[in-house]
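Colleague:
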Amino acid sequence: SPVLATELSPQENSLLKSLGLSAKPSPKKPVPVPPVLWRMFQKRKALPWPDKERDSCRVEELNVPGDIVRVFADQGRFLPEGQPQGWLCLRKLLFFNLSVLEEGERLTMAQLELQFHHNSYQAPGPGQVLELRLYQASPRGLPQPQPGRRPLVERSFVHLHKSLLFNLSAALKMPGRSLALVLEISASGRAGASGSLRSLCASADAFSATSLLVVTLGQQCRAGRSRR
Amino acid sequence: SAPSPPLTPSPLCKPRRLYISFSDVGWENWIIAPQGYLANYCGGDCPFPLAAELNSTNHAVLQTMVHSLDPQGTPQPCCVPVRLSPISMLYYDNSDNVVLRHYQDMVVDECGCR
Chain G
1482 SPVLATELSP
1492 QENSLLKSLG
1502 LSAKPSPKKP
1512 VPVPPVLWRM
1522 FQKRKALPWP
1532 DKERDSCRVE
1542 ELNVPGDIVR
1552 VFADQGRFLP
1562 EGQPQGWLCL
1572 RKLLFFNLSV
1582 LEEGERLTMA
1592 QLELQFHHNS
1602 YQAPGPGQVL
1612 ELRLYQASPR
1622 GLPQPQPGRR
1632 PLVERSFVHL
1642 HKSLLFNLSA
1652 ALKMPGRSLA
1662 LVLEISASGR
1672 AGASGSLRSL
1682 CASADAFSAT
1692 SLLVVTLGQQ
1702 CRAGRSRR
Chain W
32 SAPSPPLTPS
42 PLCKPRRLYI
52 SFSDVGWENW
62 IIAPQGYLAN
72 YCGGDCPFPL
82 AAELNSTNHA
92 VLQTMVHSLD
102 PQGTPQPCCV
112 PVRLSPISML
122 YYDNSDNVVL
132 RHYQDMVVDE
142 CGCR
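Protein sequence lines correspond, in order, to chains G and W.
Each residue of the first sequence is one higher than the last, beginning at 1482 in my numbering.
Each residue of the second sequence is one higher than the last, beginning at 32 in my numbering.
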């Protein structure tokens, strides 16, 4: 039978397999390379031999074991604000498709990054804070706020910076095929300050992007460690 | 594609230059960096008597001795990589995520008779 041009030769298939890939990737919408990955790549390229060899199963920049660093883009959508308590500025589903993680990989770090267009959410008055909460949600169905449910992350800010990092390693110790989270940012303060709280929330559109950086130890490194 | 070989070719086992270009392999669409790298390969003879610089094992020394007595029945030792180093690659996976992965044993640094 004729061989389709898109089919891979056995040699190419075997090469891809030895690189840990099940198929030849063909990016449809190539995204820019996250700066953190560029920095790691350039730094490693410049390492002399003994260091390069020694560090091949370790991500020195993050101080964790690992030989695979992935940055997953958020595929979630903004959610209706529902029944806000206080001033709910933003409610968003964060959804990450983790299905590319292979069976034998061991997760060593997961770091969520929230990015804003600029250093927004500056609390205008004393006693006013912005509260950020992250809830773990079921990937199936629309996540609903549940009274009394403890958030995965809860932080208060007087000033939200352009980039916020959260360590989600504990939440992802047993990663499934996907990760779904609900992000809420709300403003709170003294009674009667609703005007300034509203203006505090008005910059919600400054929310720019979310990504999840995941470090894993692949089978190659795990086998090497076992041998040692 | 291979850059021009060194001017003093030696018949002995040693690393030879091999540049692997990912566009030649047809992988330029998904590998972001590097665009290629110097992978090298091992080539050359492992003659009797084996010199120390040929990174031989005791077994290889004995094999060359037996080969010198019985060239038809016993082959010479092979010239193979004995030290390889890793490289890092940045690429897009099947879900369009950007991945940085460290791959071991990608560059031949030293060859030996084994």
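Where is the CB? At the ideal position from N, CA and C, for every residue including glycine.
If Phe1553(G) and Ser1692(G) are in contact, beta carbons under 8 Å, what's the gap, nearest whole angstrom?
Modeller: Yes, Phe1553(G) and Ser1692(G) are in contact; Cβ-Cβ is about 7 Å, under 8 Å.
Colleague: To the nearest whole angstrom, what separates the beta carbons of Leu1664(G) and Ala1652(G), a pair I think is in contact under 8 Å?
Modeller: Wrong, their Cβ atoms sit about 14 Å apart, outside the cutoff.
Colleague: Using a beta-carbon distance below 9 Å, is Leu1500(G) in contact with chain W?
Modeller: By this cut-off, Leu1500(G) is an interface position.
Colleague: Under DSSP, the beta strand (DSSP E) around Pro1632(G) begins and ends at which residues?
Modeller: That residue, Pro1632(G), is in no beta strand (DSSP E); it is neither H nor E in DSSP.
Colleague: Just the Cα atoms here: how many angstroms apart are Asn71(W) and Ser1537(G)?
Modeller: Cα-Cα distance, rounded: 19 Å.
Colleague: Can you tell me the Cα-Cα spacing of Ser1535(G) and Leu1574(G), whole angstroms?
Modeller: Looking at the sequence provided, one finds Arg at residue 1535(G) rather than Ser. Between Arg1535(G) and Leu1574(G), the C-alpha separation is close to 40 Å.
Colleague: Based on Cα-Cα distance, which residue from Asp124(W), Gln135(W), Val111(W) lies nearest to Leu43(W)?
Modeller: When only C-alpha atoms are compared, the closest one is Val111(W).
Colleague: Return the chain-ordered list of same chain residues with a C-beta closer than 6 Å to the C-beta of Gln1564(G), the five sequence neighbours on each side being excluded.
Modeller: A caution first: Gln1564(G) carries a pLDDT of 49, below 50, which makes its placement in the model unreliable, though a value can still be read off. Same-chain partners within the cutoff: there are none.
Colleague: Going by beta carbon distance, what residues of the same chain come within less than 8 Å of Val1512(G), once the five residues before and after it are set aside?
Modeller: Only Ala1554 meet the Cβ criterion.
Colleague: Thinking C-alpha only, which one of Val1514(G), Leu1489(G), Pro1516(G), Ser1644(G) is nearest Ala1504(G)?
Modeller: Out of Val1514(G), Leu1489(G), Pro1516(G), Ser1644(G), Leu1489(G) has the C-alpha closest to the C-alpha of Ala1504(G).
Colleague: Do three or more CB pairs link the stretch 45 to 60 of chain W to the stretch 86 to 95 of chain W at distances below 8 Å?
Modeller: Segments in contact, no.
Colleague: Please classify Pro46(W) as buried or exposed, where buried requires at least 16 other C-beta atoms within 10 Å of its C-beta.
Modeller: Burial call: buried.
Colleague: DSSP state of Asn89(W), grouped into three classes?
Modeller: Here Asn89(W) sits in helix by DSSP.
Colleague: In the DSSP assignment, find the alpha helix (DSSP H) that holds Gln1523(G) and state where it starts and stops.
Modeller: Segment 1516 to 1526, the alpha helix (DSSP H) holding Gln1523(G).
Colleague: In the DSSP output, what is Arg47(W) paired with across the bridge?
Modeller: Paired residue(s): Tyr72(W).
Colleague: Mapping DSSP to helix, strand and coil, what is His1715(G)?
Modeller: No answer is possible for residue 1715(G): it lies beyond the span of chain G, which begins at 1482 and ends at 1709.
Colleague: With 9 Å as the threshold, decide whether the Cβ of Asn1544(G) is near any Cβ in chain W.
Modeller: Answer no: the Cβ-Cβ gap between Asn1544(G) and chain W never drops below 9 Å.
Colleague: Name the two residues that bound the continuous beta strand (DSSP E) containing Val1663(G).
Modeller: Start and end: 1659 to 1669.
Colleague: Can you name the start and end residues of the beta strand (DSSP E) that Ser1689(G) belongs to?
Modeller: It spans 1688 to 1698 - the beta strand (DSSP E) in which Ser1689(G) sits, taken as one unbroken run.
Colleague: Within this structure, are the beta carbons of Leu81(W) and Val97(W) separated by less than 9 Å?
Modeller: No, the pair does not count as a contact, with Cβ atoms beyond the cut-off.
Colleague: Buried or exposed: where does Val1639(G) fall if 16 or more other Cβ atoms within 10 Å of its Cβ makes it buried?
Modeller: Per the 10 Å Cβ criterion, exposed.
Colleague: Give a yes or no on whether the C-beta atoms belonging to Gln1592(G) and Leu1649(G) are separated by under 9 Å.
Modeller: Going by C-beta atoms, Gln1592(G) is nearer than 9 Å to Leu1649(G).
Colleague: Take Ser116(W) and list the residues in its own chain whose beta-carbon comes closer than 6 Å to its own, dropping the five residues that flank it on each side.
Modeller: Answer for Ser116(W): Val138, Asp140, listed in chain order.
Colleague: What separation, rounded to the nearest whole angstrom, lies between the Cα atoms of Val1695(G) and Pro40(W)?
Modeller: Their backbone Cα atoms lie some 47 Å apart in a straight line.
Colleague: List, in order along the chain, the chain W residues whose C-beta lies closer than 8 Å to that of Ile1549(G)?
Modeller: The answer, in chain order, is Val130, Leu131, Arg132, His133.
Colleague: Compute the distance between the beta-carbons of Glu1594(G) and Ser1644(G), then report whether it is under 9 Å.
Modeller: Their beta carbons are under 9 Å apart, which means Glu1594(G) touches Ser1644(G) by this criterion.
Colleague: Could you tell me whether the Cβ of Asn89(W) comes closer than 9 Å to any Cβ of chain G?
Modeller: It does not; no Cβ of chain G falls within 9 Å.
Colleague: Buried or exposed for Val1540(G), please, with buried defined as at least 16 other CB atoms from any protein chain shown within 10 angstroms of its CB.
Modeller: Looking at its Cβ environment, which holds 16 or more other Cβ atoms inside 10 Å, Val1540(G) is buried.
Colleague: Please name the residue or residues paired with Ile62(W) in a DSSP beta bridge.
Modeller: Ile62(W) is bridged to Tyr122(W).
Colleague: So, is Ala83(W) buried or exposed, given that buried needs 16 or more other C-beta atoms within 10 angstroms?
Modeller: It counts as exposed.
Colleague: Can you find a C-beta in chain G that's less than 9 Å from the C-beta of Asp55(W)?
Modeller: No, because no Cβ of chain G sits closer than 9 Å to the Cβ of Asp55(W).
Colleague: Could you tell me which residues DSSP pairs with Pro112(W) in its beta bridges?
Modeller: DSSP output for Pro112(W) lists Cys142(W) as bridge partner(s).
Colleague: Kindly indicate the opening and closing residues of the beta strand (DSSP E) around Asn1578(G).
Modeller: 1568 to 1578 is the extent of the beta strand (DSSP E) around Asn1578(G).
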